[in-house]
Amino acid sequence: MTLLDELSGYEFEDAVASLFRAHGYEDVAVAARVADEGRDVTMRDGETAHVVECKHTDTVSRPVVQKLHSAAATYDHDGPTQGMVVTSGRFTGPAEAYAEGLREAGDPHPVELVDGDDLRELGEAVGMDLYNGRIEIICEETLPVGEPGLALAEVFEDVDDAPPRAALPAPDVEVVYRPVVEVEAVTRATFETSVGVIHRVDRRDRVVVPADDPAATTPATDLLELTGVEPVALEAARGRHDGRIERFDGTEAEYREAAAELLCSALETTVTYTGDNNVTYRRDCRPSPDDVDLQRVRSLYIPRVEAVVTLDEYEHGLAYDAAGSRRVVRRDAVRRCVHCEDGLVPYTYCDNCGSVSCETHTETERLTGEPVCTGCAVTAEFFRDTKYFFDEGNAEAFRREYEAMPFHRKAMENPRLVAAAAAAAVVVAALAVLAVGLV
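Counting with my numbering, you get residues -5 to 433 for the letters of the sequence shown.
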């Protein structure tokens, strides 16, 4: 199969530009699609400018190389200038001989020839598959998974009476390596009216685009902190944690376009200004994709980790995007009430059934004084007040204690009732005194 065989000539130029951007060339630009000037792409490597001719053909002959050499020699640049011809096919013998002759003669504008085999190797070096008419991203790096067991244990520390780290069983862990593209860009835009400049944009931003959704309308801003962590080899991460890899659904060009659109939308604002006629106007100022200079594009995976531990009757889990010790929590099924999925903090662990409950659904076990949730507790009435127990055995044991208590101790099982009775007695006594005084 020919490299990029489904692309048009213009699309091939865009693909070549993307490839050299990935290799670190600066100021990579595709020429306007007008009359052929002998150069399709220009770029810079340090002080050296490169003038590139792209040929999406089976063979490239000597005249193409000669024409590109002339274009490089006349290119307006203060420093050294070199030429490059890139083809998805191959070069003829005379074309190769002409380029070799320039090098041997020490020509100040040598021409480098990049054929289909070279192009494929360049793509593989930066993780791009240049077949099937697409620059498919092949990424070999991921942010580190970290320690899922430790992440879960740290969350349990926010739950009162939870088992200590050493007592927690090893969690069941699932890892999905989700693709993202991180872009660093500079946006410069000026908005003018008849009264002059009303708004300027001149800023540098980093954007993370979820690569399983190249049509995303908002950047994943919560992932920016994660992408600052040094990545590790994907193979090594899978060797330790296993896990499933989700593929990049789009091409690098699609992600570049998506990132530019996301930035333009994020930087859009409405400006109020006064015209020459003293009338107040409002104008929406939105940079265009042409105002966005994408200076760095990096593909990588971010592990989506789900760690679940079973404690007695309940499962407790934590799902998060990981970068070593840094995490963005996606689902917290530890710090929640199993009875109402919300409730009031603090959350408390019930050792009787393994649940985590809110304040409303947590009571004190009457016999032991430990927390017990209302979901598993056995209840019984003592002095017209409901008491909570781990089981029937504890309820019966307390019943025997209760029966042996003197009356005043039994009354203290319902202090609210005792207080109400005392208050009522005071009121009755006061009324009696008042009645005697009136007589």
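Every residue gets a Cβ at the ideal spot worked out from N, C-alpha and C, and that includes glycine.
How long is the line joining the alpha carbons of Ala99 and Tyr92, rounded to whole angstroms? 11 Å
Burial state of Phe401, where buried means 16 or more other Cβ atoms lie within 10 Å: exposed
Residues in its own chain within less than 7 Å of Ala391 by CB, not counting five upstream and five downstream? Leu361
For Ser82 and Arg325, what's the separation of their Cα atoms in angstroms? 47 Å
Is there contact here, the region 194 to 208 with the region 334 to 353, by at least three beta-carbon pairs under 8 Å? no
Three-state secondary structure assigned by DSSP to Arg276: strand
Report yes if the CB atom of Val350 is closer than 8 Å to the CB atom of Ala231, and no otherwise. no
Cys367, DSSP secondary structure in three states: strand
Taking three-plus beta-carbon pairs below 8 Å as touching, is the region 64 to 81 in contact with the region 97 to 115? yes
I'd like the list of long-range same chain contacts for Val291, defined as Cβ closer than 6 Å, with 5 residues on each side in sequence excluded. Val177
Go through its chain and collect everything with a Cβ distance to Ala29's Cβ below 8 Å, but skip five positions before and after it. Here the model assigns Ala29 a pLDDT of 45, short of 50, so the residue's position is not dependable, and the following value carries that caveat. Contacts found: none.
Would you report the Cα separation of Tyr434 and Pro340, rounded to the nearest angstrom? Not covered by the structure: residue 434. The range shown for the chain is -5 to 433.
Cα-Cα separation between Asp306 and Val299, rounded to whole angstroms: 23 Å
Candidates Ala398, Pro283 and Thr373: which alpha carbon is nearest Gly387's? Thr373
Can you look up Glu115 in the DSSP assignment and give me helix, strand or coil? helix
Apply the 10 Å Cβ neighbour rule to Val46 and answer buried if 16 or more other Cβ atoms are within range, or exposed otherwise. buried
Near Glu219, what residues of its chain come up, given a Cβ to Cβ distance below 7 Å and the 5 sequence neighbours on each side ignored? Arg320
Compute the Euclidean distance between the alpha carbons of Gly311 and Asp152, then round it to the nearest angstrom. 14 Å
Give the single residue among Val265, Val226 and Thr136 whose Cα lies nearest to the Cα of Phe185. Val265
Can you tell me the Cα-Cα spacing of Ala317 and Leu146, whole angstroms? 15 Å
Cutting at 8 Å between CB atoms, please list the residues of its own chain near Phe383, excluding the five before and the five after it. Glu359, Arg360, Leu361, Val366, Ala371, Val372, Thr373, Ala374, Ala389 and Phe392
If we ignore side chains and look at the alpha-carbon of each, how far apart do Val203 and Ala252 end up? 8 Å
If we ignore side chains and look at the alpha-carbon of each, how far apart do Val302 and Asp285 end up? 46 Å
How about Phe6 and Cys48: are their beta carbons less than 8 Å apart? yes
By the 10 Å Cβ neighbour count, where 16 or more other Cβ atoms means buried, how is Met406 classified, buried or exposed? exposed
Distance cutoff 8 Å, beta carbons only. Does Ala252 sit that close to anything in chain D? The displayed structure is made up of one protein chain only, and chain D is not part of it.
Val175 and Ser55 look like a contact to me (Cβ under 8 Å); what is the Cβ gap, rounded to whole Å? That belief does not hold up - the Cβ atoms of Val175 and Ser55 are roughly 38 Å apart, past 8 Å.
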